[in-house]
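Chemist: Chains as they are written, first to last, in the working numbering: chain R, 1 to 284; chain X, 285 to 837. Ideal Cβ positions, reconstructed from N, Cα and C, are used throughout, including at glycine. Please read through the structure below; I'll follow up with questions.
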Amino acid sequence: MTNPISSSRLGMRLGYRFNLIGVSALGILLLWAGVALFAPQIIPHSVGEIVDTDYFGPVSRDLWLGSDYLGRDIFSRILMGARYTLGISLAAVSVACFSGVALGMTAAVAGGWFDSMLSRFLDALNSIPSKLFGLVVVAAVGSSIPALIATLSVIYTPGAYRFARALAVNVNTMDFMVVARIRGERLPYLIASEILPNILGPVLADLGLRFVFIVLLLSGLSFLGLGVQPPYADWGALVRENIGGLPFGAPAVIFPSLAIASLTISVNLLIDNLPRRIRDRSAE
Amino acid sequence: MTGNLVEIRNLRVEATTDAGRRVEIIKGVSLDIAEGEIVALIGESGSGKTTIAMTLMGYARQGCAITGGEVRVGGVDMVKLSEAERAGIRGTRVAYVPQSAAAAFNPALTIMDQVIEVARIHRLMSAAEAQAKALMLFKALSLPEPETIGNRYPHQVSGGQLQRLAAAMALIGQPKVIIFDEPTTALDVTTQVEVLRAFKSVTAQHNIAGVYVSHDLAVVAQIADRIVVLKDGAVQEVGTTNDILEGPQHPYTKGLLAAFRPKTEQRQPDGDGVTKRPLLEVDNLTVGYGPRSRDGQPLITAVQAVSLTLDQGRNLGIIGESGCGKSTLARAIAGILPAHAGGIIFNGRELGRVGRNRTRNELRQIQIVFQHADTALNPAKSVEDILRRPLAFYHGMRGKTRDARVNELLDLVRLPKSVRHRLPGELSGGQKQRVNFARALAAEPTLILCDEITSALDTVVAAAVVELLKELQRELGISYIFISHDLSVVEAICDEIIVMYRGQKVEQIASTRLAAPEHPYTRLLFSSVPKLDTSWLDNLEQDAEQVRAYCHP
Numbered sequence: 001m002t003n004p005i006s007s008s009r010l011g012m013r014l015g016y017r018f019n020l021i022g023v024s025a026l027g028i029l030l031l032w033a034g035v036a037l038f039a040p041q042i043i044p045h046s047v048g049e050i051v052d053t054d055y056f057g058p059v060s061r062d063l064w065l066g067s068d069y070l071g072r073d074i075f076s077r078i079l080m081g082a083r084y085t086l087g088i089s090l091a092a093v094s095v096a097c098f099s100g101v102a103l104g105m106t107a108a109v110a111g112g113w114f115d116s117m118l119s120r121f122l123d124a125l126n127s128i129p130s131k132l133f134g135l136v137v138v139a140a141v142g143s144s145i146p147a148l149i150a151t152l153s154v155i156y157t158p159g160a161y162r163f164a165r166a167l168a169v170n171v172n173t174m175d176f177m178v179v180a181r182i183r184g185e186r187l188p189y190l191i192a193s194e195i196l197p198n199i200l201g202p203v204l205a206d207l208g209l210r211f212v213f214i215v216l217l218l219s220g221l222s223f224l225g226l227g228v229q230p231p232y233a234d235w236g237a238l239v240r241e242n243i244g245g246l247p248f249g250a251p252a253v254i255f256p257s258l259a260i261a262s263l264t265i266s267v268n269l270l271i272d273n274l275p276r277r278i279r280d281r282s283a284e
Numbered sequence: 285m286t287g288n289l290v291e292i293r294n295l296r297v298e299a300t301t302d303a304g305r306r307v308e309i310i311k312g313v314s315l316d317i318a319e320g321e322i323v324a325l326i327g328e329s330g331s332g333k334t335t336i337a338m339t340l341m342g343y344a345r346q347g348c349a350i351t352g353g354e355v356r357v358g359g360v361d362m363v364k365l366s367e368a369e370r371a372g373i374r375g376t377r378v379a380y381v382p383q384s385a386a387a388a389f390n391p392a393l394t395i396m397d398q399v400i401e402v403a404r405i406h407r408l409m410s411a412a413e414a415q416a417k418a419l420m421l422f423k424a425l426s427l428p429e430p431e432t433i434g435n436r437y438p439h440q441v442s443g444g445q446l447q448r449l450a451a452a453m454a455l456i457g458q459p460k461v462i463i464f465d466e467p468t469t470a471l472d473v474t475t476q477v478e479v480l481r482a483f484k485s486v487t488a489q490h491n492i493a494g495v496y497v498s499h500d501l502a503v504v505a506q507i508a509d510r511i512v513v514l515k516d517g518a519v520q521e522v523g524t525t526n527d528i529l530e531g532p533q534h535p536y537t538k539g540l541l542a543a544f545r546p547k548t549e550q551r552q553p554d555g556d557g558v559t560k561r562p563l564l565e566v567d568n569l570t571v572g573y574g575p576r577s578r579d580g581q582p583l584i585t586a587v588q589a590v591s592l593t594l595d596q597g598r599n600l601g602i603i604g605e606s607g608c609g610k611s612t613l614a615r616a617i618a619g620i621l622p623a624h625a626g627g628i629i630f631n632g633r634e635l636g637r638v639g640r641n642r643t644r645n646e647l648r649q650i651q652i653v654f655q656h657a658d659t660a661l662n663p664a665k666s667v668e669d670i671l672r673r674p675l676a677f678y679h680g681m682r683g684k685t686r687d688a689r690v691n692e693l694l695d696l697v698r699l700p701k702s703v704r705h706r707l708p709g710e711l712s713g714g715q716k717q718r719v720n721f722a723r724a725l726a727a728e729p730t731l732i733l734c735d736e737i738t739s740a741l742d743t744v745v746a747a748a749v750v751e752l753l754k755e756l757q758r759e760l761g762i763s764y765i766f767i768s769h770d771l772s773v774v775e776a777i778c779d780e781i782i783v784m785y786r787g788q789k790v791e792q793i794a795s796t797r798l799a800a801p802e803h804p805y806t807r808l809l810f811s812s813v814p815k816l817d818t819s820w821l822d823n824l825e826q827d828a829e830q831v832r833a834y835c836h837p
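This is how it looks when you write it as structure tokens:
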């Protein structure tokens, strides 16, 4: 056996191949998920407490990742920020992709005026600049976490819809769809059982990409003061509020950036390296 | 060094599976091709015939590698050359004619640009010289309007013409060997005759050696000097075409030949005691595509006022060339494509034109089986899931009874139970077509529309599938409408045959009277089916006027 990428033993035994990159990406994501869940128990300092007399303080034994522009502990702030970045983005991307993909497949199968109307409506929605849309909504209904999730979902649904519809239209022309239709199958079966399994791979890849976009948009909104409200902050807000530390090479601006990078890159690596069923079982 | 142009010695090719296991797909093959000789590689799909042919260019498909042996072309071992050296030989010494010329041409460039590309890449001659040479080749290949055909784009010529243009592309570099990879498999029989004639005269004229890959023994018999029979990546039998046809040694070769024998067993006509009950009556059905004009006629009419009657327990064949409307007719009967005039009466009841307007029971009784099992089976679902659905949908079966029925169905189509958990992609072509058929059987239909179900299969496998259909008919009393362009398949199973041409029914004849067709088109069509006789093509005389009238090669 000369595999370029070593496979995990457990995966091999279950008949799946899960390569090292996928395993490490999953590990990082699980770590962040654990941090998000237990952040209040593990933070060494309170999020709003000023613990350093200096601002943009260096890494020290007490302040593991230095202090921010007000002298608050950046380590604690990142741990707490994981809750907002992960939670809000995950909720929003789930809602956006679920509704986008479901509508996209329905439009592809149903066709006709339903497809045209829905496509034009979502195209119109897509044409509104996302930040502007977020600003207007938050200005109208105020900033709360449910409002943020809803806004982000609405902004990213049209993209997911377009993507899923384009994939589903191709599957829809296959003979097995004709067979299913002429058997008398109804729409829910057609989309859930015939189309979805065939487009799942690209849809998951799209989900990963969209997750990253949402993390970035959420950061943008937080910077404008419309996202998560102080003293709490998501990672995007941490980067923005400490941007002044960049000329000093302050850890306060570097570590939140690394946190965002580790999250977004891990999501994409995991989706590109999902466990694969081993078809040729004779090698075991 | 001997005088042979191509010498393959102990060739081995290995493929790597997704678990990293290496499989030997060519197991030590040796063969020779003399100058000007045409050698046919014949065998079922997966026997390695294309893989061997490709090694003449030093090429192995992705995931495969030549791991041993020599492939000497004109004294040069293609295996040992570097990729750049091989590129210099491809097109000038060895050339390739693909199975599907339509997929091999770039739709965005004119034909002339692509035909002379080889000369341009290898700097063989100036563009003007190359164009003059191409013109000569177009004439030699008897292409219509040779002066202007080069200015057209690939979609502006027919399939048969494109296949000959692909040959022109291969010939322009004056190669010594040409690899023909099933070049006529996708063509209609009347077109195939023209293309084979062109290939034969051009290779003889330029003294070019050829490797002709095919699974059609009758076609090979017309063009090859020698035949190499392959199975499982090893040579089973080698001999001159006459030897192989007259005295086959290997059981597989015998099986291949047996699949060609005229079906002696005639279907016994039903006794007079059995009352004839019409199962399906199609009355003046007109079907078309595109938006309808004001008088209700569609933009393109594919089927024009076709009527037919099928009695219970009998079979009907519909034959004709591609584009004659035979599949459209089947789709209209199945309710996939609504007919816009005429009626379909099934079991004495008028059916709705669209599937939506038919009851679930009506839908259940007419099942359609498509040509391409690859696209007719959902690649993401296991065989088990595919067969379970119609059982649950039409018969409300679940749990153990349903699983037992899935096993019964697999048994009916002669598939082992072990395929239950496999995905369609893990089955061979013949197995897929059986699953496709088992799904139709799961509905317990009274009529199955078979749309070219054997045309994607090898001769031996196709014969086995037809045999299976006959057995199932005896056991279950199903009727078939069998659509095909292959006369031998249709006559093996059908009682009546309808010949279609350009959307119209030109003749209906009983399969017992096939020897004496009346309509000139039927005569032309029947005479174009290759026979297992090496002199068939040379002796074939077709009325040139009729060929012009009915053929658009």
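#1: With a floor of 3 residues, list each beta strand (DSSP E) that falls wholly inside the segment 34-73 of chain R, ordered by position along the chain.
#2: Under 7 Å, Cβ to Cβ, is there at least one residue of chain R near I628 of chain X?
#3: May I ask you to report which of helix, strand or coil DSSP gives P467 of chain X?
#4: Closer than 7 Å by C-beta to R407 of chain X: which residues in its own chain qualify, once you throw out the five before and the five after it? Chain order, please.
#5: Any Cβ of chain R within less than 7 Å of the Cβ of G607 of chain X?
#6: Mind listing the chain R neighbours of T659 of chain X? Cutoff is C-beta to C-beta under 7 Å, in chain order.
#7: How big is the Cα-Cα spacing for Q757 of chain X and L809 of chain X?
#8: So is Q489 of chain X buried or exposed if we call it buried at 16+ other beta carbons inside 10 Å?
#9: I'd like to know if N198 of chain R contacts chain X, where contact means its C-beta is closer than 7 Å to some C-beta of that chain.
#10: Residue range of the beta strand (DSSP E) that T593 of chain X falls in?
#11: Going by DSSP, what residue range makes up the beta strand (DSSP E) through V790 of chain X?
#12: Look at the alpha carbon of L148 of chain R and the alpha carbon of T106 of chain R, and state the distance between them as a whole number of angstroms.
#13: Go ahead and label H499 of chain X buried or exposed: buried means 16 or more other beta carbons lie within 10 angstroms of its beta carbon, across all protein chains shown.
#14: Provide the residue span of the beta strand (DSSP E) that contains T524 of chain X, from first to last.
#15: Pull up the CB-CB distance for P158 of chain R and D123 of chain R, whole angstroms please, since I reckon it's below 8 Å.
#16: Assuming I74 of chain R contacts L86 of chain R (C-beta within less than 8 Å), just tell me the rounded distance between them.
#17: Alpha helix (DSSP H) containing A259 of chain R: first to last residue?
#18: By the criterion of Cβ-Cβ separation under 7 Å, what are the contact partners of L741 of chain X in chain R?
#19: What is the DSSP secondary structure of G332 of chain X, reduced to helix, strand or coil?
#20: What does the alpha-carbon distance come out to for the pair I155 of chain R and S143 of chain R?
#21: Name the residue from X:R698, X:K364, X:G332, X:N691 whose alpha carbon lies nearest to the alpha carbon of G353 of chain X.
#22: Need the endpoints of the alpha helix (DSSP H) that G134 of chain R sits in, please.
#23: Return the CA-CA distance between D509 of chain X and I326 of chain X, expressed in angstroms with no decimal places.
#24: On the criterion of 16 or more Cβ atoms from any shown chain inside 10 Å, does P129 of chain R qualify as buried, or is it exposed?
#25: I want to know whether the segment 777-784 of chain X touches the segment 597-604 of chain X - three or more CB-CB distances under 8 Å.
#26: Pick helix, strand or coil for A324 of chain X, following the three-state DSSP scheme.
#27: Give the residues of chain R in contact with L647 of chain X, contact being defined as C-beta atoms less than 7 Å apart.
#28: Among the residues of its own chain, which have a CB less than 7 Å from the CB of L752 of chain X, if the five just before and after it don't count?
#29: For a test of the three-state rule: what should DSSP assign to G111 of chain R, helix, strand or coil?
#30: Does E194 of chain R have its Cβ less than 7 Å from a Cβ in chain X?
#31: Quick one: what does DSSP say D123 of chain R is sitting in, helix, strand or coil?
#32: Out of X:T593, X:V307, X:P430, X:A454, state which residue places its alpha-carbon closest to the alpha-carbon of Q398 of chain X.
#33: For a contact defined as C-beta to C-beta under 8 Å, what are the partners of R644 of chain X on chain R?
#34: Output needed for I271 of chain R: all residues of its chain with C-beta closer than 8 Å, excluding positions within five of it in sequence on either side, in chain order.
#35: Would a C-beta distance cut-off of 7 Å place S266 of chain R and L29 of chain R closer than the cut-off?
#36: Identify whether C97 of chain R lies in helix, strand or coil by the three-state DSSP scheme.
Modeler: In short, the structure shows the following:
#1: Within the segment 34-73 of chain R, no complete beta strand (DSSP E) run reaches 3 residues.
#2: The beta carbon of I628 of chain X does not come within 7 Å of any beta carbon belonging to chain R, so the residue lies off that interface.
#3: Here P467 of chain X carries a coil assignment [DSSP, helix/strand/coil].
#4: Cβ-Cβ distances below 7 Å link R407 of chain X to nothing in the same chain once the five nearest sequence neighbours on each side are left out.
#5: So, not an interface residue.
#6: Listed along chain R, the residues sitting closer than 7 Å to T659 of chain X by beta-carbon distance are M174, D175, F176.
#7: Q757 of chain X and L809 of chain X have their C-alpha atoms some 28 Å from each other.
#8: So Q489 of chain X ends up on the exposed side.
#9: It does; some Cβ of chain X falls within 7 Å.
#10: Where T593 of chain X is concerned, the enclosing beta strand (DSSP E) stretches over 582-595.
#11: Unbroken beta strand (DSSP E) run through V790 of chain X: 788-794.
#12: Between the C-alpha atoms of L148 of chain R and T106 of chain R there is a straight-line separation of about 27 Å.
#13: Label assigned to H499 of chain X: buried.
#14: Here the beta strand (DSSP E) through T524 of chain X covers 518-524.
#15: A Cβ-Cβ separation of about 7 Å places P158 of chain R in contact with D123 of chain R under the 8 Å criterion.
#16: That belief does not hold up - the Cβ atoms of I74 of chain R and L86 of chain R are roughly 18 Å apart, past 8 Å.
#17: DSSP places A259 of chain R in the uninterrupted alpha helix (DSSP H) bounded by 251-272.
#18: Within 7 Å Cβ-Cβ: nothing; L741 of chain X doesn't reach chain R, min ~16 Å.
#19: It is coil, neither helix nor strand.
#20: Cα atoms of I155 of chain R and S143 of chain R: separation of roughly 16 Å, rounded to the nearest angstrom.
#21: Out of X:R698, X:K364, X:G332, X:N691, X:K364 has the C-alpha closest to the C-alpha of G353 of chain X.
#22: That run of the alpha helix (DSSP H) goes 130-141.
#23: About 13 Å.
#24: The residue in question, P129 of chain R, is exposed, as its Cβ has fewer than 16 Cβ neighbours within 10 Å.
#25: Taking a cut-off of 8 Å on C-beta distances, the segment 777-784 of chain X touches the segment 597-604 of chain X, as three or more cross pairs fall below it.
#26: In the structure shown, A324 of chain X falls within a strand segment according to DSSP collapsed to helix, strand and coil.
#27: Within 7 Å Cβ-Cβ: I182, R183, G184.
#28: Here the set comprises V697, R698.
#29: Coil.
#30: Yes, because at least one Cβ of chain X sits closer than 7 Å to the Cβ of E194 of chain R.
#31: Three-state result, D123 of chain R: helix.
#32: Answer by Cα proximity: X:A454.
#33: Neighbours of R644 of chain X on chain R, chain order: G184.
#34: Within the same chain, I271 of chain R has close Cβ partners L204, A205, L207, G208.
#35: Against a cut-off of 7 Å, the Cβ pair of L29 of chain R and S266 of chain R comes out as a contact.
#36: When secondary structure is reduced to three states using DSSP, C97 of chain R falls in the helix class.
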